[in-house]
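Trainee: Residue numbers for the sequence shown, in this note's numbering: 21 to 141. We put the CB at the ideal spot given by N, CA and C, even for glycine. Small disclaimer: the values here were computed from a predicted structure and weren't measured. Below is a structure I'd like to ask you about.
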Amino acid sequence: MKSIAVALMLVASPHLAAAQTTADPSLTPEQLAGRNLFAQHCVVCHVKTLVTAVRTYGPALSRNTLGGLDEVMAAFIATGTSNMPGFKYSLAPGEIGAIVAYLKTVPAEPPAAAARQPSQH
Ligand code: HEC
Numbered sequence: 021m022k023s024i025a026v027a028l029m030l031v032a033s034p035h036l037a038a039a040q041t042t043a044d045p046s047l048t049p050e051q052l053a054g055r056n057l058f059a060q061h062c063v064v065c066h067v068k069t070l071v072t073a074v075r076t077y078g079p080a081l082s083r084n085t086l087g088g089l090d091e092v093m094a095a096f097i098a099t100g101t102s103n104m105p106g107f108k109y110s111l112a113p114g115e116i117g118a119i120v121a122y123l124k125t126v127p128a129e130p131p132a133a134a135a136r137q138p139s140q141h
């Protein structure tokens, strides 16, 4: 099961920074923990992991998401919406904080790449 997930991550689009799995020495321990939690709980909806996928269910996330406001991001993740589950019962506040810390390291997708995406295979 684990190897399937790894294989999926390897075919991830290179321009989606949130999908990067290579060890990044510039990340703090909190950001690394957040990246692991993101990979477990969020990638399924927020990152295009299959080249055959036309789009993701949720929007691409970056440091600019929700105005780049940490508290707004944390509240959104905790509460969820009618389309996204809330994580306040499954993740501790510190874990949600770590995910936000990680997201703040993800650069916004360049508009050109975003515009190109729908026509990609
Ligand atoms: C079941 C699919 C799903 C999962 C799992 C999921 N999300 Fe979402 N997420 C969505 C959808 C869909 C939206 C768009 C909001 C809406 O339609 O209500 C969204 C929106 C967001 C937004 C706001 C984006 C914006 O630009 O407004 C953030 C931040 C976010 N998600 C973070 C996360 C994090 C962090 C996790 C993991 C802890 C996560 N999501 C897990 C589906 C998901």
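Using a 10 Å radius around the Cβ and a threshold of 16 neighbouring Cβ atoms, would you call Thr101 buried or exposed?
Mentor: The residue in question, Thr101, is exposed, as its Cβ has fewer than 16 Cβ neighbours within 10 Å.
Trainee: Considering only the beta carbon of each residue, do Ala59 and Ala118 sit closer than 8 Å?
Mentor: Result no, Cβ atoms of Ala59 and Ala118 do not sit closer than 8 Å.
Trainee: Work out the CA separation of Leu70 and Tyr122 for me, nearest whole Å.
Mentor: Taking the straight line joining both Cα atoms gives about 22 Å.
Trainee: When we look at the beta-carbon of Cys65 and count the other beta-carbons within 10 Å, is it buried (16 or more) or exposed?
Mentor: By the 10 Å Cβ count, Cys65 comes out exposed.
Trainee: Is Tyr77 near the ligand HEC, going by C-beta to nearest heavy atom under 7 Å?
Mentor: Within the cutoff, so yes.
Trainee: Cβ of Val64 versus every heavy atom of the ligand HEC: is any distance shorter than 7 Å?
Mentor: Yes, Cβ of Val64 sits closer than 7 Å to a heavy atom of the ligand HEC.
Trainee: Tell me which residue opens and which closes the alpha helix (DSSP H) that Ala98 is part of.
Mentor: Where Ala98 is concerned, the enclosing alpha helix (DSSP H) stretches over 90 to 99.
Trainee: Kindly list the residues whose CB is nearer than 7 Å to the CB of Leu86, restricted to its own chain and excluding five residues on each side of it in sequence; keep chain order.
Mentor: For Leu86, where only same-chain residues beyond five positions count, the Cβ hits under 7 Å are Val92, Met93, Phe96.
Trainee: Can you give me the C-alpha to C-alpha distance between Ser46 and Thr125, rounded to a whole angstrom?
Mentor: Roughly 10 Å separates the two Cα atoms.
Trainee: Cα separation between Pro79 and His61?
Mentor: One C-alpha to the other measures close to 15 Å.
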